[in-house]
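J.: Take 2 as the starting number for the sequence shown in my numbering and just add one per residue. A virtual CB, placed ideally from N, CA and C, is assigned to each residue, including glycine.
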Amino acid sequence: MSMKPETIDILCCPQCKNDLAFAGTSDSSGNSGGTLLCRSCGKEFADTEGYHDFLGDTGLKYSGKREKIVRTLYAKVYTPVNNFLFLFCGGAGNARREVMSRLELKDNYSVLETGMGAGENYLWMKGKAKNLRFYGIDIQKQMMEHCLENIRKWGIQAELFRADATDLPFKNEKFDVVFHLGAINLFPDKRKAIEEMIRVARPGTRIVIADETDKAARLFNVFTGANDKVTPPIDLVPGNMVNKTLEIIWRGYGYLITFTKPANPANFK
Ligand SMILES: C[S@@+](CC[C@H](N)C(=O)[O-])C[C@H]1O[C@@H](n2cnc3c(N)ncnc32)[C@H](O)[C@@H]1O
C-alpha cells in the first residue's frame, strides 16, 4: 500500500483525535507505508492492500440477519443495481448531477466524500476543476476494494481510508468540499456524522448531504426488512450553520440538504 507522505498531516486518530505517526517505511517514489500509530492512545491502524484501515474487525451494524445478507449482496452488485434504482429517479446521470452540481468545486480544492462506495462521484468530478485532491472513507471492505479497482481503471488519484463516517480520521478544517450521498439514513448516529463533516470542513465550506426519502426507503425495505421511517436530518444540522436548505430531488425519491460552515470562526463554536 502507499500513501503520500504529506497525507499524515491531515490524519488523526478517529477516536481520540490526536496525531498519528508512521511505523513503516517509504518506497522508491517517496510514498509511505506501514501501520499508523496514535501518539496519544497507542491504537494501531493497519496498512492493508491499498488503504489504511481504521476499523479493523468492526464495521457495519445491521438490524438483522436478513438486512446483513441483502446489503452484503448489494455491495457485490452495487453499480448495476444502483444504476437500475436510479432509473426511478430520472437516470443515474441526472440523479448524480442533482446532488453533485451543488458542490463548490474550485482548482486545487481537497474534496472529501464520506461513504464513497464504488467511487462513481470521483468520476463525475474528474475534470470539473484543476488539480482536485480526492479523499474518501467507507465502512465496508468490499466497497474499498471496489472503489480502488474503479479509480485505477478510470485513472483517478484518490486517497481512501476504511473508517466510520461518525468517527472521521481527519484533523479539523482540512477539506474545502465535504459531502455525503446515500447512507446517512442508516447511520445509528446521524448527528455525529454531520458534526464530523462540519469539523473537518474549512470555514466557509458548503456541505452537501443527500439520501433517499421515505418514498424510496419503503420500496427498498421490501428487500431489507428494515422499517424505520425516514426523516431528512435537517434538524440535526447545528443552528450556527448558515444558508441551510432542504430540497426534495430524484422525482420525490431523494432529499438534499445543503448548508455552509460560517467563514468567520467567531461564529463557529
Ligand atoms: C448507497 S452507497 C453510496 C455510495 C456513493 N456515495 C455513491 O454515491 O455511489 C453507501 C455507502 O456508504 C457506506 N457506509 C454505510 N455506513 C457507513 C458509515 N457508517 N461510515 C462510512 N461509510 C458508510 C456503504 O458501505 C456504502 O458504500
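How many Å lie between P81 and G51 at the Cα?
T.: Their Cα atoms are separated by approximately 24 angstroms.
J.: Would you decide whether R97 is buried or exposed? Buried here means 16 or more other CB atoms lie within 10 Å of its CB.
T.: R97 comes out buried.
J.: Give me the Cα-Cα distance between V243 and I208, rounded to the nearest whole angstrom.
T.: Cα-Cα distance, rounded: 10 angstroms.
J.: Between F188 and ligand 1, is there a pair consisting of the residue's CB and a ligand heavy atom that are separated by less than 7 angstroms?
T.: Yes.
J.: Nearest to Y79 by CA position, among D54, W125 and E121, is which residue?
T.: The shortest C-alpha separation from Y79 is found at E121.
J.: Could you say which of G253, F260, K230 and N265 lies nearest to F87 if we only look at CA atoms?
T.: Minimum Cα distance to F87 is reached at G253.
J.: Please give the ranges of any alpha helix (DSSP H) in the stretch 195-252, keeping only runs that are unbroken, at least 4 residues long and fully inside the region.
T.: Correct list: 215-225.
J.: Measuring CA to CA, which of K175, Y123, K172 and D177 is closest to I152?
T.: Taking only the C-alpha atoms, the option nearest I152 is Y123.
J.: Does the beta-carbon distance from E99 to I250 come in below 8 angstroms?
T.: A contact, by the Cβ cut-off of 8 angstroms.
J.: So which residues touch the region around ligand 1, with touch meaning a C-beta under 5 angstroms from any heavy atom?
T.: Spelled out in chain order, the answer is G116, G118, E121, D139, I140, Q141, M144, D165, A166, L182, G183 and A184.
J.: Can you name, in chain order, every residue of its own chain whose Cβ lies under 7 angstroms from the Cβ of I185, other than the five neighbours on each side?
T.: Only K191, A194, I210, D212 and P234 meet the Cβ criterion.
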